[in-house]
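J.: What follows is a structure written as structure tokens; I'll ask about it next.
Chains as they are written, first to last, in my numbering: chain F, 1 to 112; chain V, 1001 to 1112.
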């Protein structure tokens, strides 16, 4: 199984908020300043800064001070471990449903 | 973009804890009682119950009372929206890196 790690914890936690997912979607269309994001999400600068900081700590957003503006962009984390984890969960779930199907099939045959 | 939803919030939040991911991995190997899980994770029954409840609310685990035992199993949620969301993030990140590559390529050509 994919190694359990603090990075996976912080990535999933960062993704558990709809505003933060919205910020990532916005950054997917191009870099943005904190002010751009605050205007787009009708949120205070302080509110946006907190969300961006959580995204940055999770490696999902990068910020850079350019003059007086903090420019935000997507990445660098590719979420490969998270994708692998979810894929493994899906495989386990499929396998469980297969086992359940086999069991029900055997039960039916026994009853007829 | 995948619709933002409370279900995606709760699924990612449920996955952000290593013990909860561990419980899902354990359930992937077969159904288990709360006591089985408590023994496996060296945690109190109350601690495990809380984690299982969060997983159940997120649709990642199902519990059923069989006599005096609460039996836990994987699913039913397939995490399809979450997979799609992460895949889209990865596409956006790739696109950003491509744009950056193009930009750097053009800058280099201009300088030579």
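By construction, the Cβ of each residue, glycine as well, lies at the ideal position given by its N, Cα and C atoms.
Using Cβ-Cβ distances below 9 angstroms, what residues of the region 1039 to 1050 of chain V are close to chain F?
T.: Considering only beta carbons, no part of the region 1039 to 1050 of chain V lies closer than 9 angstroms to chain F.
J.: Applying a beta-carbon distance threshold of less than 8 angstroms, which residues of chain F neighbour residue 1083 of chain V?
T.: 83, 86, 87 and 90
J.: 7 angstroms is my cut-off, CB to CB: does residue 1061 of chain V come that close to chain F?
T.: no
J.: For residue 1009 of chain V, go through chain F and note every residue whose CB falls closer than 8 angstroms to its CB, in chain order.
T.: 16, 17 and 18
J.: If you measure from the beta carbon of residue 100 of chain F to each beta carbon in chain V, is any gap under 7 angstroms?
T.: no
J.: Given residue 38 of chain F, which residues of its chain have a CB within under 8 angstroms of its CB, disregarding the five upstream and five downstream residues?
T.: 44, 45, 47 and 48
J.: Any Cβ of chain V within less than 7 angstroms of the Cβ of residue 1 of chain F?
T.: Here the model assigns residue 1 of chain F a pLDDT of 44, short of 50, so the residue's position is not dependable, and the following value carries that caveat. Output row for residue 1 of chain F: interface = yes.
J.: Just to make sure I have the definition right: I need the residues of chain F whose C-beta is within less than 8 angstroms of the C-beta of residue 1120 of chain V. Which are they?
T.: Since the first and last residues shown for chain V are 1001 and 1112, residue 1120 of chain V lies out of range.
J.: Any beta-carbon of chain A closer than 7 angstroms to the one on residue 1096 of chain V?
T.: No chain A is part of this structure, whose protein chains are labelled F and V.
J.: Do you know offhand how far residue 58 of chain F's Cα is from residue 51 of chain F's?
T.: Approximately 11 angstroms, taken between the alpha carbons.
J.: Sort out for me which residues DSSP pairs residue 1074 of chain V with in a bridge.
T.: V/1061
J.: Quick one, are the C-beta atoms of residue 23 of chain F and residue 1079 of chain V less than 7 angstroms apart?
T.: no
J.: Hey, does residue 1093 of chain V have any beta-carbon neighbour from chain F nearer than 7 angstroms?
T.: yes
J.: With H, G and I counted as helix, E and B as strand and the rest as coil, what does DSSP make of residue 1094 of chain V?
T.: helix
J.: Quick one: what does DSSP say residue 1033 of chain V is sitting in, helix, strand or coil?
T.: Correct three-state label for residue 1033 of chain V: strand.
J.: Who are the neighbours of residue 1078 of chain V on chain F, taking C-beta pairs under 8 angstroms?
T.: 90 and 93
J.: On the premise that residue 16 of chain F lies in contact with residue 1016 of chain V, defined as a C-beta separation below 8 angstroms, what is that separation, rounded to the nearest angstrom?
T.: About 6 angstroms separates the two Cβ atoms, so the contact holds.
J.: Is the shortest distance between the beta-carbon of residue 55 of chain F and the beta-carbons of chain V less than 7 angstroms?
T.: No, its Cβ sits nowhere closer than 7 angstroms to a Cβ of chain V.
J.: Assuming residue 1062 of chain V and residue 1073 of chain V form a contact by the criterion Cβ under 8 angstroms, report the distance between their Cβ atoms to the nearest whole angstrom.
T.: 5 angstroms
J.: Buried or exposed for residue 1089 of chain V, going by 16 or more other Cβ atoms inside 10 Å?
T.: Around the CB of residue 1089 of chain V, 16 or more other CB atoms lie within 10 Å, so the residue is classed as buried.
J.: Among V/1098, V/1008 and V/1020, which one has its Cα closest to the Cα of residue 9 of chain F?
T.: V/1020
J.: Can you find a C-beta in chain V that's less than 7 angstroms from the C-beta of residue 104 of chain F?
T.: no
J.: Buried or exposed: residue 104 of chain F, going by 16 or more other Cβ atoms within 10 Å of its Cβ?
T.: exposed
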